[in-house]
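Visitor: Residue numbers (my numbering), protein chains in the order written: chain A, 497 to 676; chain B, 402 to 763.
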Amino acid sequence: MGVFKLGKMTFGSLFKKPETVLYPVQTKEQPAGLKGHIELDAKACILCGMCDRSCATGCITVDKQARTWSIDRFQCVQCGYCITVCPKKCLSMDPNYAPASTVHASDVVEVPEQDKPVKAEKVQATEKPAEKPKAAEREPEPAKAAETAVEKTRDDVLEAKIALLDEEKAAKVRAALAAR
Amino acid sequence: MGKKSIIPFGPQHPVLPEPIHLDLVVEDEVVLEATPQIGFIHRGLERLVQTKDYNQFIYVAERICGICAFGHSMGYAETIERLMGVEVPKRAEYLRVIWHELSRVHSHILWLGLAADAFGHEALFMHCWRLRERVLDLFEKTTGGRVIFSVVKVGGVQRDIDKSMLSEFLHVLDGIKDEYEQICKAFLDEPSVRNRTYGVGVIPHEEALSLSMVGPFARASAVNYDVRMLGNGAYGDLSDFRPILSDNCDCYARMEVRAAEVPQSIEIIRELASKIPDGDIAVPVKGSPAIGSEACNVLEQPRGECYYFAKGNGTKYLDRMRMRTPTSQNLAGMAVALKGCDVADVNMIVLTIDPCISCTER
Ligand code: SF4
Ligand code: SF4
Numbered sequence: 497m498g499v500f501k502l503g504k505m506t507f508g509s510l511f512k513k514p515e516t517v518l519y520p521v522q523t524k525e526q527p528a529g530l531k532g533h534i535e536l537d538a539k540a541c542i543l544c545g546m547c548d549r550s551c552a553t554g555c556i557t558v559d560k561q562a563r564t565w566s567i568d569r570f571q572c573v574q575c576g577y578c579i580t581v582c583p584k585k586c587l588s589m590d591p592n593y594a595p596a597s598t599v600h601a602s603d604v605v606e607v608p609e610q611d612k613p614v615k616a617e618k619v620q621a622t623e624k625p626a627e628k629p630k631a632a633e634r635e636p637e638p639a640k641a642a643e644t645a646v647e648k649t650r651d652d653v654l655e656a657k658i659a660l661l662d663e664e665k666a667a668k669v670r671a672a673l674a675a676r
Numbered sequence: 402m403g404k405k406s407i408i409p410f411g412p413q414h415p416v417l418p419e420p421i422h423l424d425l426v427v428e429d430e431v432v433l434e435a436t437p438q439i440g441f442i443h444r445g446l447e448r449l450v451q452t453k454d455y456n457q458f459i460y461v462a463e464r465i466c467g468i469c470a471f472g473h474s475m476g477y478a479e480t481i482e483r484l485m486g487v488e489v490p491k492r493a494e495y496l497r498v499i500w501h502e503l504s505r506v507h508s509h510i511l512w513l514g515l516a517a518d519a520f521g522h523e524a525l526f527m528h529c530w531r532l533r534e535r536v537l538d539l540f541e542k543t544t545g546g547r548v549i550f551s552v553v554k555v556g557g558v559q560r561d562i563d564k565s566m567l568s569e570f571l572h573v574l575d576g577i578k579d580e581y582e583q584i585c586k587a588f589l590d591e592p593s594v595r596n597r598t599y600g601v602g603v604i605p606h607e608e609a610l611s612l613s614m615v616g617p618f619a620r621a622s623a624v625n626y627d628v629r630m631l632g633n634g635a636y637g638d639l640s641d642f643r644p645i646l647s648d649n650c651d652c653y654a655r656m657e658v659r660a661a662e663v664p665q666s667i668e669i670i671r672e673l674a675s676k677i678p679d680g681d682i683a684v685p686v687k688g689s690p691a692i693g694s695e696a697c698n699v700l701e702q703p704r705g706e707c708y709y710f711a712k713g714n715g716t717k718y719l720d721r722m723r724m725r726t727p728t729s730q731n732l733a734g735m736a737v738a739l740k741g742c743d744v745a746d747v748n749m750i751v752l753t754i755d756p757c758i759s760c761t762e763r
């Protein structure tokens, strides 16, 4: 009979300490490298927007005008890709999970002015062209900055993109753009 | 002679962790034919490759399935590395294989627990999941995640495992191995388990070959094929690798083969941990896959061979990403195994084939 085959193991479990803990009175020890939540070191951030552009779920929003960096914790999947692309290495993974919340809102971090604004300005300027293709791929959305110069180069990029498509698709995209 | 009737089985059924529907044509208590039907959890993940760049897609790829998560990110990364001609450092290859074998251990233990539960051995189920928890703890300590790890990247891996952690791996796995062997012995020698699985759901060797079955289910029908023996990556450095085979072709053989694969994986981890070279864990990858470039790759997932195909178009977005998952190969075999069985045996057969529907539908 196989009834007592596991007897030793089951009998042994009677004298061992339980495998589970009495949550929430006790909590399990969290390893140092746990993927808890994304933390920003606001002092080092230059608002370049690399994290915003590279996040696969689109949960980070960088607003240069308002000097804010915000993250929607409900959308973040803790993949850590933003950490690897940040040029200033100011993002990090905190081993504690983000607390539960009853409202769906983004965490907004105010980014203070940098000590060397000149340098920050420069990085922003070089980053601009990289931003345009994204606007082109995305669903039609209202352009954030309505500067005519920027708008014009954006149109050029769009044109270049459309030229790569086949005729039927290109016609559709043009129609959609005209409607906007 | 009874009248033919059709019994719907699934998509919601206690033995099915994932939704698959079977139309069972039965006469009296005997299944004459079974038609599997899928399509309940299709998410269109392959199409996403056109809107996520090749680096971002790795995080999509590992969400294809919660059990083979590591395997999918590894298989995808290897495909992209082939596409772009990237040489991955040796240490990264070793780390990938160690994690991948660890995920095979957790997948097989999870399956054994589910099988035990389906047989009514609830205590065994608890023991299995207790062991699996230790494997997940190892994952948590080294990758930061328990199910989704996000630790592979194109060009290598994101995190290293140091010497002390590797020896902890071996220590924990030794503990698991002892207990696992006791559990397997208790389960596989149990007369009620033998009575219900011996000679049930037979997939003959020829059928398994002609239906291109893969993985432990094919190996239980004596098909000598395991992607690991091709020696891709760190598998090539193993001193000896022999697939575990059985020629009984029935449900019991499938359980036996899977049960024996856990100690084998632990041995692989032990060997690689002792041989792991020092060095970088990743190389920087710049640029995009060339226009018209194509690459394919195979990987032994816990359920068998998974095939990956990628096509570049000169941008950082891929043109096409295609996966052929082990379960899509094995479903045909499942229909064969179900033909002629008793209605009461259907759940045993489905369970020993262990279809992973999330992978299949993507
Ligand atoms: S990538 Fe880094 S520096 Fe740039 S906006 Fe994001 S957090 Fe700030
Ligand atoms: S961890 Fe991943 S999902 Fe979360 S903000 Fe960073 S890139 Fe986006």
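All residues carry an ideal CB built from backbone N, CA and C; glycine is no exception.
Measure from the C-beta of residue 551 of chain B to each C-beta in chain A and report whether the shortest distance is under 8 angstroms.
Guide: Judged by the 8 angstroms Cβ criterion, residue 551 of chain B is in contact with chain A.
Visitor: With a CB to CB cut of under 8 angstroms and the five nearest residues on each side skipped, what residues in its chain are close to residue 762 of chain B?
Guide: Hits under 8 angstroms: 439, 440, 441, 442, 443 and 444.
Visitor: Taking beta-carbon pairs under 8 angstroms, can you tell me which members of the region 542-568 of chain B lie near chain A?
Guide: So the list reads 542, 543, 544, 545, 546, 549, 551, 554, 559 and 560, given in the order they occur along the chain.
Visitor: To the nearest angstrom, how far is the alpha carbon of residue 488 of chain B from that of residue 500 of chain B?
Guide: Cα to Cα, the separation comes out at about 19 angstroms.
Visitor: Can you tell me the Cα-Cα spacing of residue 573 of chain B and residue 419 of chain B, whole angstroms?
Guide: Straight-line Cα distance between these residues: approximately 30 angstroms.
Visitor: Any idea what DSSP makes of residue 696 of chain B, helix, strand or coil?
Guide: The answer is strand: DSSP assigns residue 696 of chain B an E or B state.
Visitor: Which of the three DSSP states, helix, strand or coil, is assigned to residue 504 of chain A?
Guide: Helix at residue 504 of chain A.
Visitor: Tell whether a beta-carbon distance below 8 angstroms holds between residue 553 of chain B and residue 459 of chain B.
Guide: Result yes, Cβ atoms of residue 553 of chain B and residue 459 of chain B sit closer than 8 angstroms.
Visitor: Within 10 angstroms of the Cβ of residue 703 of chain B, are there 16 or more other Cβ atoms? Answer buried if so, exposed if not.
Guide: Result: buried.
Visitor: I want to verify the contact list: residues of chain A whose CB lies under 8 angstroms from the CB of residue 461 of chain B, in sequence order.
Guide: Within 8 angstroms Cβ-Cβ: 552.
Visitor: Any beta-carbon of chain A closer than 8 angstroms to the one on residue 400 of chain B?
Guide: One cannot answer for residue 400 of chain B here, as it falls past the ends of chain B, which runs 402 to 763.
Visitor: Name the chain A residues that come within less than 7 angstroms of residue 453 of chain B, Cβ to Cβ?
Guide: Per Cβ cutoff of 7 angstroms: 552.
Visitor: Kindly examine ligand 2 and report whether one of its heavy atoms sits closer than 7 angstroms to the Cβ of residue 573 of chain A.
Guide: At least one heavy atom of ligand 2 is nearer than 7 angstroms to the Cβ of residue 573 of chain A, so yes.
Visitor: Which bits of chain A does residue 456 of chain B rub up against, with CB to CB less than 9 angstroms?
Guide: Within chain A, the residues near residue 456 of chain B are 550, 552, 577, 580 and 581.
Visitor: Please decide whether residue 669 of chain A counts as near chain B, where near means a Cβ-Cβ distance under 8 angstroms.
Guide: Chain B, which has no Cβ nearer than 8 angstroms to the Cβ of residue 669 of chain A, makes this no.
Visitor: Which whole-angstrom value is the C-beta distance of residue 717 of chain B and residue 455 of chain B, which I expect to be below 8 angstroms?
Guide: Going by Cβ atoms, the distance from residue 717 of chain B to residue 455 of chain B rounds to 6 angstroms, so yes, they are a contact pair.
Visitor: When you compare the region 532-546 of chain B with the region 497-512 of chain B, are there three or more beta-carbon pairs, one atom per stretch, that lie closer than 8 angstroms?
Guide: The region 532-546 of chain B vs the region 497-512 of chain B: in contact.
Visitor: Return the residues of the region 518-534 of chain B that lie within a Cβ-Cβ distance of less than 8 angstroms from chain A, sorted by chain order.
Guide: If the cut-off is 8 angstroms between Cβ atoms, the region 518-534 of chain B has 524, 525, 528, 531 and 534 near chain A.
Visitor: Who are the near neighbours of residue 486 of chain B in its chain, counting only those whose CB is closer than 6 angstroms to its CB and skipping five residues on each side?
Guide: Answer for residue 486 of chain B: no residue qualifies.
Visitor: Helix, strand or coil for residue 406 of chain B? Go by DSSP, reduced to three states.
Guide: Looking at residue 406 of chain B - three-state DSSP - the assignment turns out to be strand.
Visitor: Say whether chain B places a C-beta atom closer than 8 angstroms to the C-beta of residue 598 of chain A.
Guide: Chain B contact via Cβ: absent.
Visitor: So, do the region 592-608 of chain B and the region 646-661 of chain B have three or more beta carbon pairs nearer to each other than 8 angstroms?
Guide: Short answer: they touch.
Visitor: Considering only heavy atoms of ligand 1, does any lie closer than 7 angstroms to the CB of residue 589 of chain A?
Guide: Result no, Cβ not under 7 angstroms from ligand 1.
Visitor: At what residues does the beta strand (DSSP E) containing residue 791 of chain B begin and finish?
Guide: No answer is possible for residue 791 of chain B: the residues shown for chain B start at 402 and end at 763.
Visitor: Starting from the C-beta of residue 672 of chain B, find all residues in its chain whose C-beta is less than 8 angstroms away, skip the five residues before and the five after it, and write them out in chain order.
Guide: Excluding residues within five positions, the ones whose Cβ falls inside 8 angstroms are 639 and 640.
Visitor: Quick one: does residue 545 of chain A have its CB under 8 angstroms from some CB of chain B?
Guide: With 8 angstroms as the cut-off, residue 545 of chain A does not count as an interface residue toward chain B.
Visitor: In the DSSP output, what is residue 590 of chain A paired with across the bridge?
Guide: A/533.
Visitor: Between residue 546 of chain A and ligand 1, is the CB less than 7 angstroms from at least one heavy atom?
Guide: Residue 546 of chain A: yes, Cβ under 7 angstroms from ligand 1.
Visitor: Compare the C-beta of residue 608 of chain B with all C-beta atoms of chain A and state if any pair is closer than 8 angstroms.
Guide: False, the Cβ-Cβ gap to chain A never drops below 8 angstroms.
Visitor: Is residue 432 of chain B a contact residue of ligand 1, with contact defined as CB to any heavy atom under 7 angstroms?
Guide: No, the beta carbon of residue 432 of chain B sits no closer than 7 angstroms to any heavy atom of ligand 1.
Visitor: Exposed or buried, which one is residue 570 of chain A when buried takes at least 16 other CB atoms within 10 Å?
Guide: Result: exposed.
Visitor: From the DSSP output, in three-state form, read off residue 552 of chain A for me.
Guide: In the structure shown, residue 552 of chain A sits in coil (DSSP, three-state: anything other than H, G, I, E or B).
Visitor: Would you say residue 531 of chain A reaches chain B, if we count a Cβ-Cβ gap shorter than 8 angstroms as a contact?
Guide: So, interface residue.
Visitor: Does any heavy atom of ligand 2 sit closer than 7 angstroms to the C-beta of residue 555 of chain A?
Guide: Flag set: Cβ of residue 555 of chain A near ligand 2.
Visitor: Excluding the 5 residues preceding and the 5 following residue 401 of chain B in the sequence, name in chain order all residues of the same chain whose CB lies nearer than 6 angstroms to its CB.
Guide: Limits of chain B in this structure are 402 at one end and 763 at the other, which puts residue 401 of chain B out of reach.
Visitor: In the DSSP assignment, find the beta strand (DSSP E) that holds residue 564 of chain A and state where it starts and stops.
Guide: Taken as a continuous stretch (DSSP letters only), the beta strand (DSSP E) holding residue 564 of chain A covers 564-567.
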